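Read left to right, the sequence shown gives residues 1103 to 1372 (this note's numbering).
Glycine residues also receive a C-beta, built at the ideal position from the N, C-alpha and C atoms.
Just so you know, these numbers come straight off a predicted model, no measurement behind them.
What follows is a single structure, written as structure tokens, with notes after it.
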Amino acid sequence: MKYAVFTGVTGGLGGACARKMAKHGWTVFALGRNKKELEELSKIKNMIPLSCDVVVQEDLDRAKEEILKVTGKLDAVINFAGYQKMCSMIEGDCVNLIEKSLQINVMGMVKVNRTFIDMVIRGKGRIINCGSECGYLTPQPFNGPYTMSKYAVDAYCDSLRRELMFVGVPVIQIVPGSFKTRMHDSASASFQALYDGTELYKDILGKMKPIMEHELKNAHDPKHLIKATMKALNKKHPKARYRVKNSGMLRMLEIFPHQLLDWAYRVFLG
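Right under this line is the structure:
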């Protein structure tokens, strides 16, 4: 029997991946905050849902106590808990949104891995962290909090991998592009709140809206991300990163100097 801790299971992509694992015989300790979703997961064979906020150490400690009643080792820890809100970097509630993004997307991951690392080492397991294409591609305007956090996740994964390789624990990063998830579903509402609250960027955001709607409409099927996650779990020698359906257009922009991209934004949005 293989055992895994999986965070973010009530947010869409995490839940879909966790279900796939349970179907393939993994015992999944599913950590999340949405009680209704956790109740649904409890009906699935091999799934053990646990109410837990990944930024609260006391919650993680309680979850670990429950897990230790079942097993003393883990074959995997998978971090999919995430948060995304669009905002200006200088208007409205930007400070709180930036802090919350860093707390959940970065510090939540750090706390989870720190809490369970002894069980992973005992189980000769691995750690899988979910990043984003936003973590290495040129930042887009008004997505700063999320981009900042995912840049930090990139650096954290590299640092963690180069430490844990000395104790035999692989660290793998999943790097998804745009997928149809609940986070995506809330993007329109987040954009609208940004538009309604801005005093400086009404015209620019009005021009951006069709672009964002096009991106949301053409988001990818989660099956591709599930497949990559299962590879990261099961490969004897996994890759350090699995990039899944990253945007070809955004990757193409990487060849241009920053000054040229700034000029393009001014021309097309200004």
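- Whole alpha helix (DSSP H) runs in the stretch 1304-1334 with 4 or more residues, listed along the chain? 1304-1319
- Query: Where does residue 1205 fall in DSSP's three states?
  - Reply: helix
- Message: Let me confirm a value: residue 1269 is counted as buried when at least 16 other C-beta atoms fall within 10 Å, else exposed. Which label applies?
- Response: exposed
- Task: Count the other C-beta atoms from every protein chain shown that fall within 10 angstroms of the C-beta of residue 1182, then say buried if there are 16 or more, exposed otherwise.
- Result: buried
- Message: Counting C-beta neighbours from all protein chains within 10 Å, is the total for residue 1305 16 or more, i.e. buried, or is it exposed?
- Response: exposed
- Message: Going by DSSP, what residue range makes up the beta strand (DSSP E) through residue 1158?
- Response: Element bounds for residue 1158: n/a, residue is neither H nor E.
- Task: Would you mind working out which of 1319, 1199 and 1318 sits nearest residue 1295, comparing C-alpha positions?
- Result: 1199
- C-alpha distance - residue 1228 paired with residue 1293, whole-angstrom precision: 37 angstroms
- Query: What do you get for residue 1169, buried or exposed, if any count of 16 or more other CB atoms within 10 angstroms of its CB means buried?
  - Reply: buried
- Message: Going by the DSSP bridge assignment, what does residue 1108 pair with across the sheet?
- Response: 1132 and 1180
- Query: Of all the beta strand (DSSP E) runs that stay within the bounds of the stretch 1265-1293, which reach a length of 3 or more residues?
  - Reply: 1273-1278
- Task: Measuring alpha carbon to alpha carbon, tell me which of 1231, 1244, 1225 and 1250 ends up nearest residue 1237.
- Result: 1250
- C-alpha distance - residue 1203 paired with residue 1342, whole-angstrom precision: 24 angstroms
- Message: Tell me the rounded alpha-carbon separation between residue 1347 and residue 1189.
- Response: 25 angstroms
- Task: May I ask you to check if the CB of residue 1364 is nearer than 8 angstroms to at least one heavy atom of the ligand ADP?
- Result: Of the ligands one can find in the structure shown there are none, so the ligand ADP has no counterpart to examine.
- Enclosing alpha helix (DSSP H) for residue 1230 [first to last residue]: Looking at the DSSP string, residue 1230 is not in any alpha helix (DSSP H); the run it does join, the beta strand (DSSP E), is 1228-1232.
- Item | Straight-line gap, residue 1440 to residue 1226 (C-alpha atoms, nearest Å) | In this structure the chain extends from 1103 to 1372, so residue 1440 is not present and cannot be described.
- Message: How far does the beta strand (DSSP E) with residue 1214 in it extend, from its first residue to its last?
- Response: First-last for residue 1214: 1210-1224, but that is the alpha helix (DSSP H), not the beta strand (DSSP E).
- Query: Using the C-alpha atoms, what's the distance from residue 1209 back to residue 1138?
  - Reply: 25 angstroms
- Quick one: what's residue 1151 bridged to in DSSP? 1132
- Query: Looking at C-alpha atoms only, which residue of 1322, 1297 and 1370 is the closest neighbour of residue 1087?
  - Reply: In the structure as shown, the chain begins at 1103 and stops at 1372. Residue 1087 is therefore absent and cannot be evaluated.
- Query: Taking the C-alpha atoms as reference points, what is the distance between residue 1124 and residue 1118?
  - Reply: 10 angstroms
- Query: For the candidate residues 1106, 1279, 1241 and 1201, whose alpha-carbon lies nearest to that of residue 1165?
  - Reply: 1106
- Message: I need the boundaries of the alpha helix (DSSP H) containing residue 1346, first residue and last residue.
- Response: Counting along the chain, residue 1346 falls outside any alpha helix (DSSP H), though it belongs to the beta strand (DSSP E) covering 1343-1346.
- Would you call residue 1258 buried or exposed, if buried means 16 or more other Cβ atoms sit within 10 Å of its Cβ? buried
- Task: Would you mind stating whether residue 1275 and residue 1230 have Cβ atoms separated by less than 9 angstroms?
- Result: yes
- Message: Please identify the residue among 1180, 1234 and 1263 whose C-alpha is closest to the C-alpha of residue 1248.
- Response: 1234
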